[in-house]
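Only one structure is covered here, and it is reproduced in the block below.
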Amino acid sequence: MATQKLFRRDVVKKLMSVRGDALCISGLGSPTWDLAAADHRDENFYIWGGMGGATPTGLGLALAQPDRKVWVITGDGEQLMGVGSFSTVALQQPKNLAIIVLDNEHYGETGMQAAPTGRGTDLAAMAAGAGIAQTMTVTDEAGLDDLMKRLTDGNFPLVAVVKVDVRTGETVMPPRDGKYVKTAFRMAVLGADKAQHPG
Amino acid sequence: MSGDWSASAHQLFKEHDIKQVAYVPDAGLSKLIKSSLADNDIQTVPLTTEEEGIAVSAGAWLGGQKCAVLMQSSGVGNTINMIASLTTTCAFPLFMIVTMRGDYGESNPWQMPMGRAVQPVLEAVGVRCLRAETHEEAADAVKAGLMMSFHGGEAVAVLIGQKLIGAKPFTGAHAGMQAED
Ligand SMILES: Cc1ncc(C[n+]2csc(CCOP(=O)(O)OP(=O)(O)O)c2C)c(N)n1
Numbered sequence: 020m021a022t023q024k025l026f027r028r029d030v031v032k033k034l035m036s037v038r039g040d041a042l043c044i045s046g047l048g049s050p051t052w053d054l055a056a057a058d059h060r061d062e063n064f065y066i067w068g069g070m071g072g073a074t075p076t077g078l079g080l081a082l083a084q085p086d087r088k089v090w091v092i093t094g095d096g097e098q099l100m101g102v103g104s105f106s107t108v109a110l111q112q113p114k115n116l117a118i119i120v121l122d123n124e125h126y127g128e129t130g131m132q133a134a135p136t137g138r139g140t141d142l143a144a145m146a147a148g149a150g151i152a153q154t155m156t157v158t159d160e161a162g163l164d165d166l167m168k169r170l171t172d173g174n175f176p177l178v179a180v181v182k183v184d185v186r187t188g189e190t191v192m193p194p195r196d197g198k199y200v201k202t203a204f205r206m207a208v209l210g211a212d213k214a215q216h217p218g
Numbered sequence: 655m656s657g658d659w660s661a662s663a664h665q666l667f668k669e670h671d672i673k674q675v676a677y678v679p680d681a682g683l684s685k686l687i688k689s690s691l692a693d694n695d696i697q698t699v700p701l702t703t704e705e706e707g708i709a710v711s712a713g714a715w716l717g718g719q720k721c722a723v724l725m726q727s728s729g730v731g732n733t734i735n736m737i738a739s740l741t742t743t744c745a746f747p748l749f750m751i752v753t754m755r756g757d758y759g760e761s762n763p764w765q766m767p768m769g770r771a772v773q774p775v776l777e778a779v780g781v782r783c784l785r786a787e788t789h790e791e792a793a794d795a796v797k798a799g800l801m802m803s804f805h806g807g808e809a810v811a812v813l814i815g816q817k818l819i820g821a822k823p824f825t826g827a828h829a830g831m832q833a834e835d
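For the record, the sequence lines run as chains A and B. Heads up: the first sequence begins at 20 in the working numbering, then just goes up one per residue. Heads up: the second sequence begins at 655 in the working numbering, then just goes up one per residue.
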């Protein structure tokens, strides 16, 4: 039986249908374009650099906003660069943080070079080894449905590695001014007064 | 302010409503880490590498909290791209306390190059450095730095000199030498 790998754009679009009011952080490159294409909102913090920083940014946010769900959507290369952050997350056990790795087994943004994830490195196993109890690897539609259910139930922290093929969608650019994105996010989450006058 | 700088720093964290303290341990930070751990209003976030702390701090700010990031000077070398790309690009406030090695009285040659590089590399990526060599200077610098970062919107590192924290002696038996009897 031929298996059709998942297309990242469809995956992110589907996940966004159960997003509710979750706050989203996207890792540099394709995940940022995917999030912008699927569900552009002020409550998205789009990262265009700082490779390895998506998950710890999500952690700081999750600790600061314990009543909001926080979803990190990132690439396998980006997560590998900050893989120790699985351990950092596991120590905190944030009940509101989900990390979704779109794993195309390549460094897509830089010319689709092979990544270790296509040659034996298992990010879900690394997350489990770091002490994150809820981990899963999604390879098909049924797995995606399971992930959507888990995202809704919110048994977090959760690390979901979603195997996707090497197709990229059309580049959809969110605002490129990081100061603007940061301030828009804070205004949306905190309200104008707290965002402008932190106290 | 008088007395131990670590006690003053903890007091100032309370006054400034610091809710997260992210760190990689260093001997010079042990008192401040200990008092942060003992404080129920502060979430301590031990890191596997210092650049995580830069990102945690940015995330905390996105969610309306203030985070202080503590590290040894060697750890500054791990943070540079994260500071340049995330903190400086987005103008996140950043407050770091860096305890110096490879500084006054150091005897470990492996610490020297990074010790020399700390201030120039931090400045190159947009972080203001406040150096302190006494308990009083350190407490003042923490106070000033908290204002400059969370109210002034700057990235600030308080560099606690080795003259203040003391140099760790590196001496011992010589490998490969016969013990004399
Ligand atoms: C510190 C650092 N090293 C290298 C790069 C170059 N770079 C940009 S995106 C990227 C690959 C990202 O791969 P992955 O996270 O798997 O995302 P994909 O594009 O494959 O979805 C790399 C290596 C960078 N931006 N920063």
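All residues carry an ideal CB built from backbone N, CA and C; glycine is no exception.
Could you check how far apart the C-beta atoms of residue i and residue j are, in whole angstroms? I think they sit under 8 angstroms.
i	j	result
LYS797(B)	LEU683(B)	Wrong, their Cβ atoms sit about 18 angstroms apart, outside the cutoff.
LEU121(A)	PRO75(A)	About 18 angstroms; that fails the 8 angstroms criterion.
ILE751(B)	ALA722(B)	7 angstroms
LEU25(A)	VAL183(A)	5 angstroms
ASP95(A)	ALA134(A)	6 angstroms
Using the beta-carbon of each residue, which ones in chain B are nearer than 7 angstroms to residue i?
i	result
PRO176(A)	Those within 7 angstroms of PRO176(A) in chain B number zero; the least Cβ separation is about 14 angstroms.
LEU209(A)	GLY718
PHE26(A)	The contacting residues do not exist; PHE26(A) stays about 29 angstroms from chain B at best.
LYS213(A)	GLY718
Mind pulling the chain A residues with CB within less than 8 angstroms of residue i?
i	result
ASP671(B)	GLY218
PRO700(B)	THR107, LEU110
SER711(B)	GLY79
ALA745(B)	GLY197, LYS198, LYS201
PHE697(B)	Before going on, a small fix: residue 697(B) reads as Gln here, not Phe. The answer, in chain order, is LEU82, GLN111.
Closer than 8 angstroms to a non-hydrogen atom of ligand 1 - does that hold for the CB of residue i?
i	result
THR93(A)	yes
THR156(A)	no
THR743(B)	no
GLU97(A)	yes
GLU669(B)	no
SER727(B)	no
ARG27(A)	yes
ALA134(A)	yes
THR129(A)	yes
LEU42(A)	no
LEU47(A)	yes
ASN123(A)	yes
PRO75(A)	no
Could you list which residues in chain B have their beta carbon closer than 8 angstroms to that of residue i, in chain order?
i	result
GLN84(A)	GLY717, GLY718
LYS114(A)	Per Cβ cutoff of 8 angstroms: no residues; LYS114(A) is ~13 angstroms from chain B at best.
Give the residues of chain B in contact with residue i, contact being defined as C-beta atoms less than 9 angstroms apart.
i	result
PRO194(A)	Per Cβ cutoff of 9 angstroms: no residues; PRO194(A) is ~11 angstroms from chain B at best.
GLY48(A)	Those within 9 angstroms of GLY48(A) in chain B number zero; the least Cβ separation is about 13 angstroms.
SER45(A)	Residues of chain B passing the Cβ test: none, with the nearest at roughly 13 angstroms.
ARG205(A)	TRP715, LEU716, GLY717, GLY718
SER36(A)	Neighbours of SER36(A) on chain B: none; closest Cβ ~24 angstroms, over 9 angstroms.
Going by DSSP in three states, residue i sits in which element: helix, strand or coil?
i	result
MET655(B)	Residue confidence for MET655(B) is low, a pLDDT of 49 falling below 50, so the modelled location carries little weight; the figure read from the coordinates is stated next. It is coil, neither helix nor strand.
ILE751(B)	strand
GLY759(B)	coil
ASP212(A)	helix
PHE667(B)	helix
MET20(A)	Unreliable positioning characterises MET20(A) in this predicted model, as indicated by a pLDDT of 45, which lies under 50. The coordinate reading is nonetheless provided below. MET20(A): coil per DSSP, three-state reduction.
SER662(B)	helix
Give the interface partners of residue i over in chain A, defined as CB-CB distance under 9 angstroms, in chain order.
i	result
GLU705(B)	GLY69, GLY71, GLY72, PRO75, GLY101
ALA811(B)	Per Cβ cutoff of 9 angstroms: no residues; ALA811(B) is ~18 angstroms from chain A at best.
LEU674(B)	Here the sequence assigns Gln to residue 674(B), which means Leu is not the residue at that position. Those within 9 angstroms of GLN674(B) in chain A are GLY79, LEU82, ALA83.
Output, in chain order, the set of chain A residues within a Cβ distance shorter than 7 angstroms of residue i.
i	result
SER739(B)	GLY68, GLY69
Entirely enclosed alpha helix (DSSP H) segments - the region 669-744 of chain B, minimum 4 residues: 684-691, 704-716, 727-736
Entirely enclosed beta strand (DSSP E) segments - the region 778-816 of chain B, minimum 3 residues: 782-786, 809-814
Length-filtered (4 minimum) alpha helix (DSSP H) runs lying within the region 80-141 of chain A: 95-100, 104-111
Beta strand (DSSP E) runs wholly inside the region 136-197 of chain A, at least 3 long, in chain order: 153-157, 177-182
Length-filtered (4 minimum) alpha helix (DSSP H) runs lying within the region 31-59 of chain A: 49-58
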